[in-house]
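Each residue of the sequence shown is one higher than the one before, counting from 32 in the numbering used here.
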Amino acid sequence: MEHFVSEYTHLALLMAALAIFGTILPRCWLRITDNTRLPLPPGLKGIPAVGWNLRELLAKTPWLGFTALQNEYGPIVHLTAPFRQHIVILNTLEAASNILDRQSAVTSYRPRSILLEILTNGLMIPFLNRENQTYRRVAKALQACLKQYPYESQQYREAVHLVRNILTEVQEHSPVRKWHDKIKDQCVRFSVEMIYGSSISSGPTRSHKVDWMVKVLKEFTETMTKLATPGLIDVVPWLPSWIFPWEEEARQKFVEYDATFVNLLNESWEKRPRCGSAITGGSRLVPPCHDPYPEVQQRLHCEIDAALGYDKLPSVEELEQIPYLQATVREALRWRPVAPLGLPHVASSDFTYGGYQIPKGTILIANIWAINWSTELFGDDAPAFRPERHLTSGVKPVLSAPPDTKEEGHVSFGLGRRACAGRLFAKKMLLINIGLLMWAAKVEAAEPGEVGFKLDVDGCLDKGVVVRPVPFSCKIIERCAGALKILEQTLAEQTLAEQTLAEQTLAEQTLAEQALAELQHEEH
Numbered sequence: 032m033e034h035f036v037s038e039y040t041h042l043a044l045l046m047a048a049l050a051i052f053g054t055i056l057p058r059c060w061l062r063i064t065d066n067t068r069l070p071l072p073p074g075l076k077g078i079p080a081v082g083w084n085l086r087e088l089l090a091k092t093p094w095l096g097f098t099a100l101q102n103e104y105g106p107i108v109h110l111t112a113p114f115r116q117h118i119v120i121l122n123t124l125e126a127a128s129n130i131l132d133r134q135s136a137v138t139s140y141r142p143r144s145i146l147l148e149i150l151t152n153g154l155m156i157p158f159l160n161r162e163n164q165t166y167r168r169v170a171k172a173l174q175a176c177l178k179q180y181p182y183e184s185q186q187y188r189e190a191v192h193l194v195r196n197i198l199t200e201v202q203e204h205s206p207v208r209k210w211h212d213k214i215k216d217q218c219v220r221f222s223v224e225m226i227y228g229s230s231i232s233s234g235p236t237r238s239h240k241v242d243w244m245v246k247v248l249k250e251f252t253e254t255m256t257k258l259a260t261p262g263l264i265d266v267v268p269w270l271p272s273w274i275f276p277w278e279e280e281a282r283q284k285f286v287e288y289d290a291t292f293v294n295l296l297n298e299s300w301e302k303r304p305r306c307g308s309a310i311t312g313g314s315r316l317v318p319p320c321h322d323p324y325p326e327v328q329q330r331l332h333c334e335i336d337a338a339l340g341y342d343k344l345p346s347v348e349e350l351e352q353i354p355y356l357q358a359t360v361r362e363a364l365r366w367r368p369v370a371p372l373g374l375p376h377v378a379s380s381d382f383t384y385g386g387y388q389i390p391k392g393t394i395l396i397a398n399i400w401a402i403n404w405s406t407e408l409f410g411d412d413a414p415a416f417r418p419e420r421h422l423t424s425g426v427k428p429v430l431s432a433p434p435d436t437k438e439e440g441h442v443s444f445g446l447g448r449r450a451c452a453g454r455l456f457a458k459k460m461l462l463i464n465i466g467l468l469m470w471a472a473k474v475e476a477a478e479p480g481e482v483g484f485k486l487d488v489d490g491c492l493d494k495g496v497v498v499r500p501v502p503f504s505c506k507i508i509e510r511c512a513g514a515l516k517i518l519e520q521t522l523a524e525q526t527l528a529e530q531t532l533a534e535q536t537l538a539e540q541t542l543a544e545q546a547l548a549e550l551q552h553e554e555h
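1. Quick check on DSSP: helix, strand or coil for GLN388?
2. Consult DSSP for LYS473 and reduce its assignment to one of helix, strand or coil.
3. Here's the rule: buried if 16 or more other CB atoms are within 10 angstroms of the residue's CB, otherwise exposed. What is HIS552?
4. For PRO72, which option in ILE120, PHE97, VAL137 has the closest C-alpha, if you only look at C-alpha atoms?
5. Within the chosen definition, does the segment 391 to 400 reach the segment 367 to 379 through at least 3 CB pairs nearer than 8 Å?
6. Out of SER504, MET469, PRO500, VAL497, point me to the one whose CA is closest to VAL578's CA.
7. Which partner residues does ALA112 have in the DSSP bridge list?
8. Below 8 Å, how does it come out for the segment 360 to 371 and the segment 122 to 135: are there three or more Cβ pairs, yes or no?
9. Could you check how far apart the C-beta atoms of LYS458 and VAL360 are, in whole angstroms? I think they sit under 8 Å.
10. Look up THR383 in the DSSP assignment and give the residues it is bridged to.
11. Label ASN464 either buried or exposed according to how many other C-beta atoms from any shown protein chain fall within 10 Å of its C-beta, with 16 as the threshold for buried.
12. Mapping DSSP to helix, strand and coil, what is CYS451?
13. On a Cα-Cα basis, can you pick out the residue from LYS215, ALA401, ALA127, GLY96 that is closest to VAL501?
14. According to DSSP, TYR140 sits in a beta bridge with which residue or residues?
15. Using C-beta distances below 6 Å, list every residue in its chain close to LEU364, excluding the 5 sequence neighbours before and after it, in chain order.
16. Which partner residues does LYS506 have in the DSSP bridge list?
17. Looking only at C-alpha atoms, which of GLY386, PHE382, ALA401 sits nearest to GLY392?
18. Using the Cβ count rule (16 or more neighbours within 10 Å means buried), how would you classify CYS333?
19. Could you please give the first and the last residue of the uninterrupted beta strand (DSSP E) stretch that includes LEU395?
20. What do you get for THR423, buried or exposed, if any count of 16 or more other CB atoms within 10 angstroms of its CB means buried?
21. If we ignore side chains and look at the alpha-carbon of each, how far apart do TYR104 and LEU408 end up?
22. Counting along the chain, where does the alpha helix (DSSP H) carrying TYR104 start and finish?
23. What are the start and end residues of the alpha helix (DSSP H) that includes GLU554?
24. Could you check how far apart the C-beta atoms of ALA358 and PRO418 are, in whole angstroms? I think they sit under 8 Å.
25. What do you get for GLY74, buried or exposed, if any count of 16 or more other CB atoms within 10 angstroms of its CB means buried?
26. Looking only at its own chain, which residues have a Cβ that is under 7 Å from the Cβ of ALA138, when we skip the five neighbours before and after it?
27. I'd like the span of the alpha helix (DSSP H) that includes ILE335, first residue to last.
28. Since I believe VAL191 is in contact with LEU518 (beta carbons under 8 Å), could you give me their beta-carbon distance rounded to a whole number of angstroms?
29. Inspect the beta-carbon positions of ALA472 and ILE507 and report whether they are closer than 8 Å.
30. I need the boundaries of the alpha helix (DSSP H) containing GLU349, first residue and last residue.
31. Between which two residues does the alpha helix (DSSP H) harbouring TYR341 extend?
32. Compare the C-alpha of ALA476 against each of TYR324, ASP435, GLU524 and name the closest.
33. Buried or exposed: where does ARG68 fall if 16 or more other Cβ atoms within 10 Å of its Cβ makes it buried?
34. Give a yes or no on contact between the segment 402 to 416 and the segment 330 to 345, applying the rule of three or more CB pairs nearer than 8 Å.
35. Please state if the CB of LEU462 and the CB of PRO354 are separated by a distance shorter than 8 Å.
36. For ASN196 and LEU532, I'd like the C-alpha separation in whole angstroms.
Here's what the structure looks like:
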């Protein structure tokens, strides 16, 4: 028996070796004899079966490393990952728009993320492709939701809630050290209320349920964001499971998250059905690092005061009429993109660009950071935070943007058919939050010696596919004596209006159910 097993093993190894050489040798022969084949883009030379040196892949800020490679290799850089996986980095707007926008028919696909497929049972929507029925249904529902759902009023309420909380903490702690958590909590809280409805966030159990969901969603976001980073399992999926001992634990964690979301959705569905939304995107929508440019804040205050005054809280419509505020939002998204490398694309077939061959299966990564900081697009002062760059000159300046940025003034929402579907939602959320905060308060750096006072603008980004500011302390000063009182009054009025609306909705639903029951009784 042992002899038979040994012979069988030797035969299996021989067949595997023949299969490998039968695949590799023809490719090598074609590469040698095919003189008409265009070259790959220039880049780092990798070691066969291992790929390029992993320093560039595993660096804390790979977008900076890829940007540096542009100086040596040009606008598109080729890298070789393990087992000859081609990767092309797009470092300029011209290259990215030509490849991801104008050739989107073959570049709008997502590479397969095996790890996320395993852990989410195939439900990580941003990594699905358009042929997938689940993706098509979710994308259609999300677009309908963002067009029809009046989320603006909820964004405004949550912004008022956030600014009130920050000013309240100022009275208790100065400098403020937890502003970062408050902003992140607000984003997740809003996602909860938008998805699961006011039934989850209203009534005597509002605080308990919402705070609990905020905690769960923050954990979910952190887990999924870390796992979205390509790893060994995506390159070599057939490795045995014992190499990844955390896999079963992570899978079980997702099952718990999934059960939590489904239970809450069932709880709120009968009371007030809602559209779903992309939770992980909203929970990471936090403003960039504290502004080290005081002249920007000073001009914002002047523009807001001249247009709105102090006597009442500005509305969304009034905030949208301040060009410099809109330019500040654009500059924040340009200066510190939330996803410096975006989400990867993959070529569904061979294509060419600039005299180079891009083989089928090549992973395409737009270096959002390099494009947003391009001196060709934004001038020599591109590294500086300067909202004026997005405004025309003249008595009444209006917003302007470089070509191929979809009138955004940056490419932080991505390129091609898979650009962020919630960009209007995100821009309005930032506009309302920044506008109300600047109306009510003044933000200053903490004094030297305070905990967390030191701010390194260039080193403020943490590790991950999606980045955010590292927490630090700051001083927040109420600009006028009545600002906090106006915020409190506005919240009270909003709460009363919501309760009245909820009671009316419940009464109408009860009457409709009674009428339906009577109709069914008469039919019987």
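Glycine residues also receive a C-beta, built at the ideal position from the N, C-alpha and C atoms.
The short version:
1. strand
2. strand
3. exposed
4. ILE120
5. yes
6. With the chain covering only 32 through 555, there is no way to say anything about residue 578.
7. GLN116
8. no
9. 6 Å
10. GLN388
11. buried
12. coil
13. LYS215
14. VAL377
15. HIS441, SER443
16. GLU475
17. PHE382
18. exposed
19. 394 to 397
20. exposed
21. 20 Å
22. 93 to 104
23. 514 to 554
24. 4 Å
25. buried
26. It should be pointed out that residue 138 corresponds to Thr in this sequence rather than to Ala. Counting only Cβ-Cβ distances below 7 Å, and skipping sequence neighbours, we find ILE130, LEU131, HIS376, ALA378, LEU395, GLY447.
27. 325 to 338
28. 6 Å
29. yes
30. 347 to 350
31. Run containing TYR341: none; DSSP gives neither H nor E here.
32. TYR324
33. exposed
34. no
35. no
36. 25 Å
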